[in-house]
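> The following block contains the structure, expressed as structure tokens.
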Amino acid sequence: MQTTRGKSFLIVGPPGCGKSRWIRQAAAAAGHTLFRWNCRDDRALRQGRELLHGIVRTREPTWVWLEGADDITLDAQAFLRRILETASAQVTCALEVRRLECMAEPIQSRCILKRLAHVVEPSWRQRHNKTQWGQPDDYKAPLVETPTDLDELREARLQGADPYKVMTQIIKGHPLEREVLKRSTMGMSPWILSAWILSQSQMQATSDG
Numbered sequence: 125m126q127t128t129r130g131k132s133f134l135i136v137g138p139p140g141c142g143k144s145r146w147i148r149q150a151a152a153a154a155g156h157t158l159f160r161w162n163c164r165d166d167r168a169l170r171q172g173r174e175l176l177h178g179i180v181r182t183r184e185p186t187w188v189w190l191e192g193a194d195d196i197t198l199d200a201q202a203f204l205r206r207i208l209e210t211a212s213a214q215v216t217c218a219l220e221v222r223r224l225e226c227m228a229e230p231i232q233s234r235c236i237l238k239r240l241a242h243v244v245e246p247s248w249r250q251r252h253n254k255t256q257w258g259q260p261d262d263y264k265a266p267l268v269e270t271p272t273d274l275d276e277l278r279e280a281r282l283q284g285a286d287p288y289k290v291m292t293q294i295i296k297g298h299p300l301e302r303e304v305l306k307r308s309t310m311g312m313s314p315w316i317l318s319a320w321i322l323s324q325s326q327m328q329a330t331s332d333g
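The opening position of the sequence shown corresponds to residue 125 in the working numbering, with each subsequent residue numbered one higher.
Okay, here's the thing in structure tokens:
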């Protein structure tokens, strides 16, 4: 039975704060191979689970960059937790997330937390390079009107809206607002919480009618 596993980092910060740069520089400074995996889609995790399991068990010094882990469901986060638990001593896992409150406690407890703040105003050259070349972190989620039913919520998700912003729009002023925020900090999916509140509102409207 494996008793020693590699380090795991939880890199937290807003878009553009340098999370990607921190991971690249840390891997380069250690002289390790860097493997990047997009975790923003539950299906991508399911389809690549065997490959990912194989990578974290390698005996070669490797950094495994797990991107967007705060966008997936709790079931998928449970799979990531097993990834952290089975990683060999030569592997360092780095989970890149925007919102710490969306991460399940079992994952948080297994990681070294690294918070990154907003970067200072970029120079002219940085703005020029960003405009000319673009970076993966440059993605901006579209703004959507507050969904009023499950169909509109589904459409917002298909459009790539920020799940946490949508949730805060839906719960603003709702009697269960504090309860939703509490569950969110425990790692529940913002999409699931939004659907719950919309269902509660619909049931209330039906009973009032």
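In this text, a Cβ means the ideal position worked out from N, Cα and C, and glycines have one as well. Predicted model, so just to flag it, every value in this text is computed and none were measured.
Does the pairing of the segment 162-178 with the segment 266-275 give three or more beta-carbon distances under 8 Å?
In short, these stretches do not touch, since the Cβ pair count stays below three.
> Below 8 Å, can you find three or more Cβ-Cβ pairs linking the segment 185-193 to the segment 271-278?
Because the criterion of three Cβ pairs below 8 Å is not met, the segment 185-193 and the segment 271-278 do not touch.
> So which of G311, K306, V180 and E301 has the shortest CA-CA distance to L322?
Taking only the C-alpha atoms, the option nearest L322 is E301.
> If we ignore side chains and look at the alpha-carbon of each, how far apart do Q232 and A151 end up?
Those two C-alpha atoms are separated by around 21 Å.
> Express the C-alpha separation of P139 and R145 in angstroms, rounding to a whole number.
Straight-line Cα distance between these residues: approximately 12 Å.
> On the DSSP letters alone, give me the boundaries of the alpha helix (DSSP H) that I207 sits inside.
Taken as a continuous stretch (DSSP letters only), the alpha helix (DSSP H) holding I207 covers L198 to T210.
> As a quick exercise: from L176, H177 and G311, pick the residue whose alpha carbon is nearest that of D195.
Answer by Cα proximity: G311.
> If you draw a straight line from the C-alpha of L208 to the C-alpha of S331, how long is it?
When rounded, the distance between both Cα atoms is 47 Å.
> So, are the CB atoms of I295 and V304 less than 8 Å apart?
The answer is yes: Cβ separation under 8 Å.
> Ordered along the chain, which non-local residues of its own chain (more than five positions away) have a Cβ less than 6 Å from that of Q326?
Within the same chain, Q326 has no close Cβ partners at all.
> Taking the alpha-carbon positions, what's the T127 to R222 distance?
Here the model assigns T127 a pLDDT of 42, short of 50, so the residue's position is not dependable and the matter cannot be decided.
> Quick check on the DSSP output: the beta strand (DSSP E) that includes V136 runs from which residue to which?
S132 to V136 is the span of the beta strand (DSSP E), which, as asked, contains V136.
> How long is the line joining the alpha carbons of T197 and D286, rounded to whole angstroms?
Approximately 14 Å between the Cα atoms of the pair.
> What's the C-alpha gap between P230 and D273?
Each residue's Cα considered, the two are about 32 Å apart.
> If we ignore side chains and look at the alpha-carbon of each, how far apart do S132 and W320 end up?
Straight-line Cα distance between these residues: approximately 33 Å.
> By how many angstroms is the C-alpha of Q328 removed from the C-alpha of I147?
Cα to Cα, I147 sits roughly 47 Å from Q328.
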